[in-house]
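*Asks:*
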Amino acid sequence: MRLIWPGRDERALLGRFYVSSTLGETLAIVQPFEFAYLFLVMERPDWAVFPFLVGSACTLLLQVPAGILADRWSRKRSALLGYALSGASWACIPFAVSAEGPAQLIAVSACFALDGVGDALVSGAEDAWVVDNLKSEGRDDLIGQFYARVDSFDSFGGILAGAAALAVLLLSGADRAILDLLWFVTAGGQFLVILVAATIPERHPAAAEATAAGWRLADLAGAFSNAGAFLKARPLLFFAVVMVVASFADSITEDAFVMSMITKGLDGRALAPLGIAEDLIGMVFPMVGLYLARRMGAPLFLTLFLVVPAVAACALFLQPGLWGVVALCLLLDVCEVVWDPVAHGQLQEMLPSRHRATLMAAVNQFN
Numbered sequence: 013m014r015l016i017w018p019g020r021d022e023r024a025l026l027g028r029f030y031v032s033s034t035l036g037e038t039l040a041i042v043q044p045f046e047f048a049y050l051f052l053v054m055e056r057p058d059w060a061v062f063p064f065l066v067g068s069a070c071t072l073l074l075q076v077p078a079g080i081l082a083d084r085w086s087r088k089r090s091a092l093l094g095y096a097l098s099g100a101s102w103a104c105i106p107f108a109v110s111a112e113g114p115a116q117l118i119a120v121s122a123c124f125a126l127d128g129v130g131d132a133l134v135s136g137a138e139d140a141w142v143v144d145n146l147k148s149e150g151r152d153d154l155i156g157q158f159y160a161r162v163d164s165f166d167s168f169g170g171i172l173a174g175a176a177a178l179a180v181l182l183l184s185g186a187d188r189a190i191l192d193l194l195w196f197v198t199a200g201g202q203f204l205v206i207l208v209a210a211t212i213p214e215r216h217p218a219a220a221e222a223t224a225a226g227w228r229l230a231d232l233a234g235a236f237s238n239a240g241a242f243l244k245a246r247p248l249l250f251f252a253v254v255m256v257v258a259s260f261a262d263s264i265t266e267d268a269f270v271m272s273m274i275t276k277g278l279d280g281r282a283l284a285p286l287g288i289a290e291d292l293i294g295m296v297f298p299m300v301g302l303y304l305a306r307r308m309g310a311p312l313f314l315t316l317f318l319v320v321p322a323v324a325a326c327a328l329f330l331q332p333g334l335w336g337v338v339a340l341c342l343l344l345d346v347c348e349v350v351w352d353p354v355a356h357g358q359l360q361e362m363l364p365s366r367h368r369a370t371l372m373a374a375v376n377q378f379n
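Under my numbering, the first residue of the sequence shown is numbered 13, with each subsequent residue one higher.
#1: Helix, strand or coil for N379, going by three-state DSSP, please let me know.
#2: Quick one, are the C-beta atoms of L81 and V129 less than 8 Å apart?
#3: Kindly list the residues whose CB is nearer than 8 Å to the CB of L25, restricted to its own chain and excluding five residues on each side of it in sequence; keep chain order.
#4: Which two residues bound the contiguous alpha helix (DSSP H) that contains G113?
#5: Quick one: grab the DSSP three-state call for K147.
#6: So D192 is in the alpha helix (DSSP H); what residue range does that whole segment cover?
#7: Roughly how many angstroms separate the alpha carbons of L172 and E37, rounded to a whole number?
#8: Run the CB neighbour count on P277, radius 10 Å, all protein chains shown included, and call it buried at 16 or more, exposed below.
#9: Is S167 closer than 8 Å to D345 when the C-beta atoms are compared?
#10: Would you give the residue range spanned by the alpha helix (DSSP H) that K88 belongs to?
#11: What number of angstroms, rounded off, separates the C-alpha of I118 from the C-alpha of Y49?
#12: Going by CA-CA distance only, name the one from A373, L39, E22, E361 that's closest to G174.
#13: For P217 and W141, I'd like the C-alpha separation in whole angstroms.
#14: Taking 6 Å as the limit between beta carbons, can you name the residues of its chain near D262, skipping five residues before and five after?
#15: Quick check: is the beta carbon of L316 nearer than 8 Å to any beta carbon in chain B?
#16: At the level of alpha carbons, what is the spacing between F250 and S272?
#17: Quick check: what's the CA-CA separation for D231 versus G169?
#18: State buried or exposed for E55, treating a residue as buried only when at least 16 other CB atoms are found within 10 Å of its CB.
#19: Looking only at its chain, what residues have a beta carbon closer than 6 Å to the beta carbon of G94, apart from the 5 residues adjacent to it on each side?
#20: Thinking A369 and R87 are a contact (beta carbons under 8 Å), I'd like their distance in whole angstroms, please.
#21: Taking G399 as the reference, which of D352, L371, A289 has the closest Cα?
#22: Run through DSSP, which three-state label would E361 get?
#23: For a test of the three-state rule: what should DSSP assign to E46, helix, strand or coil?
#24: Quick one, are the C-beta atoms of A210 and L314 less than 8 Å apart?
#25: Closest to E214 by C-alpha separation, out of V205, M362, S90, would be which residue?
#26: By Cβ distance below 7 Å, which residues in the same chain neighbour V354 in space, the five residues on each side in sequence not counted?
#27: Hey, how far is the Cα of V42 from the Cα of D83?
#28: Within its chain, find whatever has a CB closer than 6 Å to the CB of V205; leave out the 5 residues flanking it on each side and keep chain order.
#29: Could you pull out every residue in the same chain whose Cβ sits closer than 6 Å to the Cβ of I212, ignoring the five residues on either side in sequence?
#30: Helix, strand or coil, according to DSSP, for G333 in the structure here?
#31: Who are the Cβ neighbours of A199 in its own chain at under 6 Å, not counting the five residues just before and after it?
Below, the structure is given as structure tokens:
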């Protein structure tokens, strides 16, 4: 039963993290249509790519500084501020696209930049907040389970969001006012996340308590020193490199495949049922992957689920049509959702508590 639903101890320690994450995903009903929305409403369709690049660039540049800030200031406050900035950015999108000419591109890109800053603030901080809370309670055994469970709950929320978005689009068509409303609902969901997450305490393992508060210039040097140790610890370095390579492949599935399917003739509205199918995979397979990893051992499991997608992706050399790309996208999604929770759990076991957010942000930055 605990493969499906968390037990009492797990709910006490992680239940509100699960609730806040699921709420955010359930109300993120614009997510499957972000690119399609910009592709349709921007004055030049090729402009649709630039806001995403700007948002990613902001996250890339700010992740490590944001991780250092979270380690020295507060992982909880950093994450809450990040949620708020992302929510504000999404609420501004419908107003930004109303601008004309180059001002439209600048305004929309500014919104995505704000979201990028929010993502950077959440990136390493949220993971460090959760993992140190578990370590402070002596429940290291729940770290991998958290990643699998939150992926599963997020996917359940994604199914609800996709179903709601599909119903709205089928009943109303691709009406601009309706699409704008989806942005506002998604933004509102982010502020509900803040209300729930604000009630969760922030704890640190006993060894890190003495360094958990206050800001000193020496701590900045300490963070970089720890990063140097990160580079010298070969198992940690090699494992981080593997995660980066896997992340590169995942990003192609998430972004380039969407563009490929649209240019091959997929109706933009079909992204909603496709998103539901991906969320069904994400709801079922993370816990299955965790079970298999415990039976097989993490190294063998992680290796196997890198080999399988590598072989499957060779189908791209055959230049498959639309439905071939759809099938490959779903298969790679299965491999991703079983691999990621186990990999993140293994990585967290290697990171020191004091600079957990900084080092996790560094790995996320490369990803």
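In this text, a Cβ means the ideal position worked out from N, Cα and C, and glycines have one as well.
*Replies:* Taking the definition as stated:
#1: coil
#2: no
#3: N145, L146, E149, R151, L154
#4: Unbroken run through G113: none, as it is neither H nor E.
#5: helix
#6: 188-209
#7: 9 Å
#8: The amino acid occupying residue 277 in the given sequence is Gly; Pro does not appear at that position. Burial call: exposed.
#9: no
#10: 87-108
#11: 17 Å
#12: L39
#13: 11 Å
#14: E348
#15: Protein chains in the displayed structure number just one, and chain B is not present.
#16: 32 Å
#17: For D231, the predicted model reports a pLDDT of 48, less than 50, meaning its position is unreliable; a value from the coordinates is still stated below. In a straight line, the C-alpha of D231 is about 39 Å away from that of G169.
#18: exposed
#19: G130, L133, V134
#20: 6 Å
#21: Nothing can be reported for residue 399, as the shown portion of the chain is limited to 13 through 379.
#22: helix
#23: helix
#24: no
#25: S90
#26: G156, G301, L302, A305, A310, F313, L314
#27: 32 Å
#28: S32, L35, G36, Y95
#29: R28
#30: coil
#31: G99, W102, A103
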